[in-house]
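Add 2 to the 1-based position in the sequence shown for the numbering used here, that's all there is to it. This report refers to the structure that appears directly beneath it.
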Amino acid sequence: MIEIRWHGRGGQGGVTSAELLAKAAYIDGYKGVQAFPYFGAERRGAPVKAFTRIAD
């Protein structure tokens with residue numbers, strides 16, 4: 003299992019990057035794929051974390 007933790011600021015594309023990687027892994031044949039964001043107040047510039055898990 004591969005686990006990736008993304009850190010950024012709101013508006014930088016961290017959540018989008020996590021989701022795109024998960025979609026690409028699923029298309030490539032991986033079935034155990036997850037992507038989920040973790041953020042507080044929804045505003046530009048706020049700290050954002052996103053997570054991607056890829057398993058066979």
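Cβ atoms here follow ideal geometry from the backbone N, Cα and C, with glycine treated the same way.
CA-to-CA, the gap between W8 and K51 works out to about 6 Å.
A residue is called buried once 16 or more other Cβ atoms fall within 10 Å of its Cβ, and G16 is buried on that count. Taking R55 as the centre and dropping the five residues before and after it, the same chain places the C-beta of E5 and Q36 closer than 6 Å to its C-beta, in chain order. Taking the CA atoms as reference points, A48 sits about 8 Å from F41. Here A20 is buried: its Cβ has 16 or more other Cβ atoms, across all protein chains shown, within 10 Å.
Taking a C-beta distance under 9 Å as the contact criterion, M3 and G34 qualify as a contact pair.
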